[in-house]
Amino acid sequence: MNLRKCFIFVCTGMLLSLPVSRAELVPGYHPGSYYSAHVIREGGELLPNGNTEKGYRWEDFTVQRIRGNRIPAKVGHGLEVFADVYGMPLGQPVTLTVTRPVRTATGEAESRTYTRAQSLYKSDSDDVQVFNYTYFLDEPDELVSGEWIIELTYQDTLILRQTFEVYQDPS
């Protein structure tokens, strides 16, 4: 094993052993297996796509997952939340709410919130559905330090809430 691979192996092991804040849980519908991660997009190609908000989409890339909720404000880095959700009626949409930091034209810090209907994915069990949200930082207005909040609700009941800290990386 060369020195670079050994270094990556040791660093990954150290990062995976760091404590991670858990989602805030509520009674009723609840996540079972759960994780949050700092993700890094590796490779891939940016292609035009009229079905997306930005008009393009990344294709044919791999994702490196690093357990944790601290994300450097770098293009290609991002955040991910995955949960098995119990107690939900099959096929019912949930609401995904994302609140993130932005900078105004004058440089002041503010936040922006957007909400959308989100489908859960079926699993092998009728008792469990799967939630997955992955977001990569690609645009200049996304590379802002601050807290990102990911919330999943069903009929005004909070299922999970996960926070991430995006920070300016000096490197």
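Okay, so the sequence shown: first residue is 91 according to our numbering, each after it adds one. All residues carry an ideal CB built from backbone N, CA and C; glycine is no exception. Every value quoted in this text rests on a predicted model; they were computed, and no experiment measured them.
Cβ-Cβ distance between residue i and residue j below 8 Å
i: E170; j: R155; result: yes
i: F254; j: W238; result: yes
Buried or exposed (CB count within 10 angstroms, at least 16 for buried), residue i
i: N141; result: exposed
i: N139; result: exposed
i: V256; result: buried
i: V192; result: exposed
i: G181; result: exposed
Contacts around residue i, its chain only, beta-carbon distance under 6 Å, and the 5 residues preceding and following it disregarded
i: Y211; result: V220
i: E241; result: T187, R251
i: D214; result: none
i: F172; result: Y125, N222
Three-state secondary structure (DSSP) of residue i
i: P230; result: helix
i: D246; result: coil
i: S126; result: strand
i: F151; result: coil
i: N222; result: strand
i: Q252; result: strand
i: A207; result: strand
i: S201; result: strand
i: R94; result: Confidence in R94 is poor, its pLDDT being 49 and thus under 50, which makes the residue's placement unreliable; the coordinate value appears in the next sentence. If DSSP states are grouped into helix, strand and coil, R94 belongs with the helices.
i: L136; result: strand
i: L186; result: strand
i: A173; result: strand
request  = Taking 8 Å as the threshold, find out whether the segment 123-143 comes into contact with the segment 166-184 through three or more Cβ pairs.
outcome  = Touching, yes.
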